Amino acid sequence: MVVGLITGLLVGAATAFLICLNLMHRKEKVASEAAALLTRSVRRANSEISKLRLKEQEFEKGQQAGSDLILLFPDLVKMIFTGRSSDEVVDYINRACQSLLKAGESAVFLSDRTGARLGLAASTGLSDILGEHMNLGLGDGFVGLAAETGRLLFRGELDKESVLVRRSIVMSDIPGFKPDYAAPMQVEGVLYGVITAGAFGDKGSMRRETLRALAAVGAAALENVRLLERFGRSSNLDSETGFMGKIALEPALENELERVERFGSSLAVIELQVESAEAEGSTTSRETMGVTAKHLFASLRNIDLGIRTGQGTIILLLPGTDEDGVKSVTGKLGGELPILKGDNGTHVGSVQIRSIVVEGGIRQAAMDLLDRLKSQETMEFEGYYEI
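Position one of the sequence shown corresponds to residue 11 (the numbering used here), numbered consecutively onward.
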């Protein structure tokens, strides 16, 4: 009995020992799992800390880029505003795309006077794709959409546009030309052009805002150039008609012919000869030409140019006007001018009109075009009025 009791005690002690060992093993396993879990948490925390440090470094780089931009921008603005012509301004803008944005590919398109077409003015890294005389219509492709909407576009965000817009871009985009950004140069609703940039050499964080600021500065500079051109024309105005004088004919025509080549739009040149105004220095001549000019100012668009080249001769430059447009303008002026009456009661009388149209994309010299104009058939309009 004593032996059995001792044996029971030993068995119980052994069982208790085994139970303690099992409990200790479980505690060790739980502790090990807890340690492993803690280790994984520490690793995740270290990973998050590393990511935060990287973001902090990128933010510091962005701050530094912003500081550099603040320091460089005043000089850039001065450089762009020194341009005396649109081509000079565009060249500075294109150079800024490389110096500020680190863009490997950039292109600057200018808008024509009608605001309906864009013509390539300068590019870098895209000569094989765009050539020298690329032009497109408002709303065509990625660039045309930026011009039409007045919004700075990022190609990576086109999925936010409607299906119809994306389809239109695909159908009308320039083959092989995929800029990341397109920023319109616009002032108070007047479109001056579009800046495009892509193939960037770094991961600049202020690219969008830099491009937006560059487009605003470019638009202001181009607006100033246009104002200077108007001032230059107004300094050589004919006192009787208010049109530019003969000395402005060749340079004005050269400018318009350059736009014909760049934008692919047509140009109409119309010559008006008022017979009753041919008597040089007479009161009737001044009265007749004054009435004629007043009517033309009221009839023409703000993009059309008038130049008085002789005592009774005025040449009109009509951008974007084709053969059908010339027929319409000729018929309208031919029917209205002869019956105009001045303050002295005298009618303008017989008006002779001849015209010529230059098709878009064709480059001609101004003097050659004027020689061709002189060889054109003249149409004479008498008008019917009460005597």
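Just so you know, even glycine gets a beta-carbon here, dropped at the ideal spot from N, CA and C. Note that the structure is predicted; figures quoted are calculated from it, not measured.
TODO: Taking the CB atoms as reference points, tell me whether residue 280 and residue 336 lie closer together than 8 Å.
DONE: yes
TODO: Ignore the nearest five residues each way along the sequence and tell me which others in residue 99's own chain have a CB closer than 7 Å to its CB.
DONE: 90, 93, 228, 231, 232, 235
Task: Short Cβ contact (8 Å threshold) for residue 109 with residue 133 - done: no
Open item on the list: Between residue 322 and residue 285, how many whole angstroms is the CB-CB distance? I'm expecting something under 8 Å.
Closed with: 7 Å
Open item on the list: Please tell me whether residue 106 and residue 224 are closer than 8 Å, where the distance is taken between their beta carbons.
Closed with: yes
TODO: Taking only the alpha-carbon atoms, compute the straight-line gap between residue 316 and residue 97 and give it to the nearest angstrom.
DONE: 24 Å
Task: Contacts around residue 299, its chain only, beta-carbon distance under 6 Å, and the 5 residues preceding and following it disregarded - done: 250, 251, 287
Open item on the list: Using only CA atoms, which one of 358, 212, 329, 332 lies nearest to residue 343?
Closed with: 358
Open item on the list: What does the alpha-carbon distance come out to for the pair residue 269 and residue 391?
Closed with: 32 Å
Open item on the list: Quick check: the Cα distance between residue 363 and residue 200, rounded to an integer number of angstroms?
Closed with: 33 Å
- [ ] Look up residue 128 in the DSSP assignment and say whether it is helix, strand or coil.
- [x] strand
Task: Secondary structure of residue 139, DSSP reduced to three states - done: helix
TODO: Inspect the beta-carbon positions of residue 154 and residue 147 and report whether they are closer than 8 Å.
DONE: yes
- [ ] Flag this pair as yes or no: are the beta carbons of residue 307 and residue 370 separated by less than 8 Å?
- [x] no
Open item on the list: Is the beta carbon of residue 339 closer than 8 Å to that of residue 276?
Closed with: no
Task: Contiguous beta strand (DSSP E) assignments of at least 3 residues, all confined to the segment 306-367 - done: 315-318, 323-329
TODO: Determine, using beta carbons only, whether residue 203 and residue 119 come nearer to each other than 8 Å.
DONE: yes
Open item on the list: Whole angstroms are fine: how far does the CA of residue 177 sit from the CA of residue 328?
Closed with: 35 Å
Open item on the list: DSSP three-state label for residue 283, please.
Closed with: strand
Open item on the list: Only counting the same chain, and skipping five residues up and downstream in sequence, which positions put a Cβ closer than 8 Å to that of residue 255?
Closed with: 246, 247, 248, 317, 318
Task: Neighbourhood of residue 347 by C-beta distance below 8 Å, restricted to the same chain and skipping five residues each side - done: 282, 284, 302, 305, 358, 361, 391, 393
TODO: Could you work out which residue in 314, 345, 324 is closest to residue 9 when comparing CA atoms only?
DONE: The requested residue 9 is not part of the displayed model; the chain covers only 11 to 397.
- [ ] Alpha carbon to alpha carbon, how far is residue 196 from residue 190? Give it in angstroms, no decimals.
- [x] 19 Å
- [ ] Take residue 325 and list the residues in its own chain whose beta-carbon comes closer than 6 Å to its own, dropping the five residues that flank it on each side.
- [x] 281, 317, 319
Open item on the list: Buried or exposed for residue 240, going by 16 or more other Cβ atoms inside 10 Å?
Closed with: exposed
TODO: Taking only runs that begin and end inside the segment 143-182, name each unbroken alpha helix (DSSP H) of 4 or more residues, in chain order.
DONE: 151-159, 173-182
- [ ] Sort out for me which residues DSSP pairs residue 195 with in a bridge.
- [x] 203
Task: C-beta contact flag for residue 156 and residue 194 at 8 Å - done: yes
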